[in-house]
Amino acid sequence: MKAFSRSLPLLLRKPETSVLLVGVALVIIFQIMTPAFFTDANMQTVSQFFAPWTLIACGEIMLLISGEVDLSSGQIYALTPFVIHYAILAGLPVTLGVIVALLLVSLLGFCIGFITVRLGVPSFITTLGAMLLFNGLTLTISNGFPIDTPAAMVGNVLGGWGYSEILWAFGIAMVMHVVLRHTRWGLHTVAVGGNPTGSAEAGIHIRRVKIGNFMLCSTLAGFAGILNAFHVTSIDPNAGGANVMFLAIASAVIGGTSLMGGSGTILGGLIGAAVLGILQDGFTLLGVNAFTFDIITGAAILVTMISNVQFAAWRRRSRS
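Number 153 in the working numbering belongs to position 50 of the sequence shown; there are no gaps in the numbering.
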């Protein structure tokens, strides 16, 4: 009991704690209101809701911490599976098609980062233009119609099971947590976003860090699109888009990542994505009218953010 009382203040100082408490409260509320919430089928549905947001949020968190943002990640999500399709039509095996698709979207991330960092265009403008460009490209090469995902062993590994997407998302989130907290790249990312002038004086390659995080964000968004395509066995040109991107950024911010740069947490983004997924699924089970769904979700996001800000203020006061 004494050990718990000593560890509780330390736990409450963690930026992920407030959103975790909100998530636990939502699970309890929805389970009371609809007993179908904790069934296996519904748990699979919840995981499929927020797995893509989690993967994209991991990349967006790294970018936000370094002081940038990528609005095109949702369109990268939709475009990448079509690259696999056309790679297969060109004669490549499915596995190699997946690799080629990820390399291509990584190159697109490099181009976005180069325009932003080397040419001095704000990332909001660069990625807004890229978002429209990639959306138009996806609709053009697909003629606006979905196609079937190719059957292959790699598809079974990536999305053949009900929980495949969330397992991949959780595993990558754990890796990214280690990268952010315990590697030089993560340290440099935080330094670049928090103090660009000091980072440059310390010899950190600011441009390299930012471009690398743009590439990482595009690659993770593309991988999320591949997982979803293999899981639903269909490649939809209208999948992803701005909605997925905004939910990923909302997951990051709800989880404690600052829009001003310099601070953030991968685990918080994972929990934030889970909270949004629980909200969507819980409201669906309760039969909430689709016209009011966004109102309730937006209000819930605001309440979560207010709670997060209040906990942050409490943590600052407790340190002082």
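C-beta atoms are modelled at their ideal positions from N, C-alpha and C, and glycine is treated no differently.
Item	Value
Close-in-space but distant-in-sequence residues of the same chain around F133 (CB under 6 Å, 5 per side omitted)	F140, G385
In chain order, each alpha helix (DSSP H) run of at least 4 residues that lies wholly inside the segment 216-260	226-245
Simplified DSSP assignment, three categories, for I307	coil
Close beta carbons around L129, own chain, < 8 Å, minus the five adjacent residues each side	V378, I381, L382, G385
As assigned by DSSP and simplified to three states, the class of L111	Only weak support exists for where L111 lies, its pLDDT of 48 falling under 50; the value from the coordinates is given anyway. Reduced to three states, the DSSP call for L111 is helix.
Selection from I369, S245, L222 that minimises the alpha carbon distance to H285	I369
Alpha carbon of N331 to alpha carbon of R420, nearest angstrom	43 Å
Nonlocal neighbours in the same chain, by C-beta distance under 7 Å from A254, ignoring five residues either side	none
Residue nearest to E119 in terms of C-alpha spacing, selected from D397, G367, L389	G367
S321 in three-state terms, based on DSSP	helix
Contact check, P184 vs I352, beta carbons under 8 Å	no
Between the CA atoms of P155 and R308 - distance to the nearest angstrom	The question names Arg, yet the displayed sequence has His at residue 308. If I take the Cα positions, the gap works out to 30 Å.
Cβ-based burial, P340 [other Cβ within 10 Å; buried from 16]	buried
Residue from T252, M256, T142, I164 whose Cα sits closest to the Cα of T336	T252
For Q337, the three-state DSSP class (helix, strand or coil)	The question names Gln, but residue 337 in the sequence shown is Ser. Strand, per DSSP.
Cut-off 7 Å between Cβ atoms - residues of its own chain near V220, not counting five sequence neighbours on either side	R310, K313, I314
Stretch pair the segment 174-188 + the segment 224-240: three plus CB contacts closer than 8 Å	yes
Cα-Cα separation, A303 to A144	51 Å
Sequence-distant residues of the same chain with beta carbon closer than 6 Å to A160, five excluded per side	A351, S354, A355, G372, A376
Alpha helix (DSSP H) segments (min. 4 residues) lying fully within the segment 139-194	143-168, 176-192
L205, buried or exposed, once every other Cβ within 10 Å from all chains shown has been counted against 16	buried
Bounding residues of the alpha helix (DSSP H) (the contiguous stretch that carries N346)	344-357
8 Å Cβ cutoff met for H188 and E268	no
Whole-number beta carbon distance between T292 and S169, since they are thought to touch under 8 Å	5 Å
Residue span of the alpha helix (DSSP H) that contains L387, given as start and end	It should be pointed out that residue 387 corresponds to Thr in this sequence rather than to Leu. Counting along the chain, the alpha helix (DSSP H) containing T387 begins and ends at 369-388.
Own chain partners of A305 with C-beta closer than 8 Å, once the 5 adjacent residues on each side are dropped	A294
Inter-residue spacing [alpha-carbon to alpha-carbon] between F349 and G359	15 Å
Neighbour-count burial assignment, T229, 16 or more Cβ in a 10 Å radius	buried
Reference I275; option with closest CA among G296, A327, T142, S245	A327
Buried versus exposed, by CB contacts within 10 Å (16 or more), W264	exposed
Other residues of its chain near G247: CB distance less than 7 Å, five sequence neighbours each side excluded	P340
Where N238 falls, given that 16 or more other Cβ within 10 Å makes a residue buried	buried
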